[in-house]
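Only one structure is covered here, and it is reproduced in the block below.
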Amino acid sequence: MDSFSTLSLMFGLAILALTASILAPRSADGRLKRNTMVGIRTRHTLSSDEAWLAAHHHAAPMLRVTAWTGWILLVIAAVFSLLKIFPAAFVVATAGFIACLALLLVAGFRANNVAKQYPTA
Numbered sequence: 031m032d033s034f035s036t037l038s039l040m041f042g043l044a045i046l047a048l049t050a051s052i053l054a055p056r057s058a059d060g061r062l063k064r065n066t067m068v069g070i071r072t073r074h075t076l077s078s079d080e081a082w083l084a085a086h087h088h089a090a091p092m093l094r095v096t097a098w099t100g101w102i103l104l105v106i107a108a109v110f111s112l113l114k115i116f117p118a119a120f121v122v123a124t125a126g127f128i129a130c131l132a133l134l135l136v137a138g139f140r141a142n143n144v145a146k147q148y149p150t151a
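Following this note's numbering, the numbering of the sequence shown begins with 31 at its first residue and continues without gaps.
In structure tokens:
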């Protein structure tokens with residue numbers, strides 16, 4: 031793999047890790063208010079403020095895991111890149127990207143299941 035492909039993938043991984051890092055504390059303490067732009071947006075989570083807050087509070091630990099996973103694998107990929115071992119950096123960044131996406135999907139499914147328990151507004 032070339033350096034451009036690797037760095038592009040690392041940039042995407044950084045965006046995922048940063049997003050999870052920002053959302054996790056705001057989800058945990060209720061600062062992320064119901065909206066249609068940012069957060070876990072499903073029919074059930076958007077149905078009421080209570081469903082939104084409960085769903086995001088439940089997803090916060092998984093968002094923290096997502097953030098840490100992304101940052102750790104990004105650092106490892108960066109070390110490989112600095113050593114000019116781009117194939118290894120690409121593999122690590124790809125694994126990190128896939129892991130973060132999978133963790134975000136799990137967080138979303140779990141949050142949606144919590145939100146289903148709340149009546150619609």
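Virtual Cβ for every residue (Gly too), placed ideally from N, Cα, C.
Close beta carbons around residue 66, own chain, < 8 Å, minus the five adjacent residues each side:
Around residue 66: 76.
Quick check on residue 149: does DSSP put it in helix, strand or coil?
Correct three-state label for residue 149: coil.
Check whether the stretch 72-92 and the stretch 111-122 are in contact - that is, three or more C-beta pairs closer than 8 Å.
No contact exists between the stretch 72-92 and the stretch 111-122.
Give me, in chain order, the residues of the same chain whose beta-carbon lies closer than 8 Å to that of residue 61; leave out the 5 immediate sequence neighbours on both sides.
Counting only Cβ-Cβ distances below 8 Å, and skipping sequence neighbours, we find 55.
According to DSSP, is residue 32 part of a helix, a strand, or is it coil?
Residue state, collapsed to three classes: coil.
Residues near residue 95 in its chain [Cβ-Cβ closer than 8 Å; skip 5 each side]:
These residues qualify, in order along the chain: 133.
May I ask you to report which of helix, strand or coil DSSP gives residue 115?
When secondary structure is reduced to three states using DSSP, residue 115 falls in the coil class, being assigned neither helix nor strand.
Test item: CB-CB of residue 116 and residue 31 under 8 Å
It is a contact, given that the beta carbons lie within the stated cut-off.
Alpha carbon to alpha carbon, what distance is there between residue 42 and residue 69?
CA-CA distance, residue 69 to residue 42, rounds to 18 Å.
Cutoff 7 Å; reference residue 18; Cβ partners in own chain excluding five residues on either side:
No answer is possible for residue 18: it lies beyond the span of the chain, which begins at 31 and ends at 151.
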